[in-house]
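**Q** Once you've had a glance at the structure underneath, I'll fire off some questions.
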């Protein structure tokens, strides 16, 4: 089929014209991205579900949770620089940092199965699949599944199954034949594992900087993780396991008389959560520099999603009816839904504090989403979605007003539009309004660790001085 050519004499350009018949030609084959998602219930005993992307504690406990639900599951290792290089090699240009790390991590794992475990590509495609969350919004997270398929295809694993589920929605998990049932049981098990991991990590961040014997906290956490994996995976008494973990953690000798600056880590979800090269192992670096970290628990993110749903339902209930015959401005269907969201919020908080009490985490408070929304709204509209939304703004304001931290670090991946818009834009206004704020935003690209460490060290110098000043003032009273 030859396109009709016509020269535009005014600009000297050549314009292509295609006839109507050519446009409707049934022989034209449009490109289609194959998306194999077949996974039946009969395949569960023969198929291993791969997943990952959170902290090692979260991933390992989630693996045990999936085993308890009757799945063969395997958590991928924490992504490293090799995963980044692999992701850049097989991925599209211009993707954000978490894409390269997570995609490359999966490709590396499958290549290891093929090259070192002597499994054929056909065996890998038949016996393994990858499960991930999906979402939409002003973020490339919605394109992760496509990136996984593209990279796997180019790496020689065309046909490998990538199953996704929309965060907060139950169903078949984006798979045919119901092999992965993302029902209430699935989500409740996952949330249980996430909350327990959150509490364990919080205890670790709290006591590790003050441990008398180096490595004692990590050993106690490793032993606790093994106990909980058995309890969750084999459906044994969870309360008993948590109490045993409490004893292990309480046995770690600490010296809380040491003066250390407290650093609040906020930012993009994956970049501030991962404990690997994706954020230059920031948490461990801060501890090595003599600081105490406070990392955002994933439970806060779950509370934020519930708050978003509650906010949406509230707006729905206030909308005017289209029909003029109706006088009510409330959507009656939204009332029971709003009640369910409130109950879910209370249940999540109650379970978190219950686990915290059993494990010995004292005086820890989850974020008040309504309060964060209130104080951040004048600077960042609560209705704006994407990334951490207004939470980053609210948490910085709280850190300054309530003196919750000596330093606030916002971690963002290279190319993350929602997080960059907040940390580079809105937070500049916050630091201008609150001159006492010790705040830095760092960008993770996979390289340039020296520059990041240097900036953090300079900010830590100011934080140390403030912590020492507070300690001296307290002792003088």
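Residue numbers (our numbering): 742 to 1218. Where a beta carbon is used, it is the ideal one built from N, C-alpha and C, also for glycine. Just so we're clear, the structure is a prediction, and the values are computed from it rather than from any experiment.
#1: For residue 858 versus residue 841, is the C-beta distance shorter than 7 Å?
#2: What does a CB cutoff of less than 7 Å around residue 996 pick up in its chain, not counting 5 residues either side in sequence?
#3: Are the Cβ atoms of residue 940 and residue 1047 separated by less than 7 Å?
#4: Please state whether DSSP places residue 902 in a helix, a strand or coil.
#5: Please report the distance separating the alpha-carbon of residue 839 from that of residue 1215.
#6: Buried or exposed: which applies to residue 1151, given that a residue is buried once 16 or more other Cβ atoms fall within 10 Å of its Cβ?
#7: Using only the alpha-carbon positions, how far apart do residue 832 and residue 987 sit?
#8: How about residue 920 and residue 1032: are their beta carbons less than 7 Å apart?
#9: Grouping DSSP H, G and I as helix and E and B as strand, with all else coil, what is residue 866?
#10: Could you give the residue range of the beta strand (DSSP E) that holds residue 1038?
#11: Closest to residue 948 by CA distance: which of 982, 1165, 991 is it?
#12: Residue 778: which of 1111, 906, 1008 sits nearest, CA to CA?
#13: Assign residue 1166 to buried or exposed, taking buried as 16 or more other Cβ atoms, counted over all protein chains shown, within 10 Å of its Cβ.
#14: So who's on the other strand from residue 1182, going by DSSP bridges?
#15: Which value, in whole angstroms, describes the spacing of the CA atoms of residue 979 and residue 1050?
#16: Taking only three categories from DSSP, how would you classify residue 1169?
#17: Under 8 Å Cβ to Cβ from residue 1012, same chain only, skipping five residues before and after it: list those, please.
#18: Given a cut-off of 7 Å on the beta-carbon distance, is the pair residue 1200 and residue 1183 in contact?
#19: Which of the three DSSP states is assigned to residue 781 in this structure?
#20: Give every residue of the same chain whose Cβ lies closer than 7 Å to the Cβ of residue 823, excluding the five residues on either side of it in the sequence, and list them in chain order.
#21: What span of residues does the beta strand (DSSP E) with residue 789 cover, start to end?
#22: Just the Cα atoms here: how many angstroms apart are residue 1052 and residue 1079?
#23: Nearest-angstrom Cα distance between residue 1092 and residue 936?
#24: Let me check understanding here. Comparing Cα to Cα, which of 800, 1138, 1205 lies closest to residue 1172?
#25: Which word fits residue 805, buried or exposed, when buried means at least 16 other C-beta atoms lie within 10 angstroms of its C-beta?
#26: Using beta-carbon positions only, say whether residue 843 and residue 794 come within less than 7 Å of one another.
#27: When you compare only the Cα positions, how much space is there between residue 847 and residue 926?
**A** So, from the listed chains and residues:
#1: no
#2: 951, 953
#3: no
#4: strand
#5: 43 Å
#6: buried
#7: 44 Å
#8: no
#9: helix
#10: Here residue 1038 belongs to no beta strand (DSSP E), and DSSP marks it neither H nor E.
#11: 991
#12: 906
#13: exposed
#14: 1151
#15: 30 Å
#16: helix
#17: 838, 839, 1019, 1020, 1152, 1153, 1154, 1157, 1160, 1185
#18: no
#19: strand
#20: 849
#21: 789-792
#22: 9 Å
#23: 8 Å
#24: 1138
#25: buried
#26: yes
#27: 27 Å
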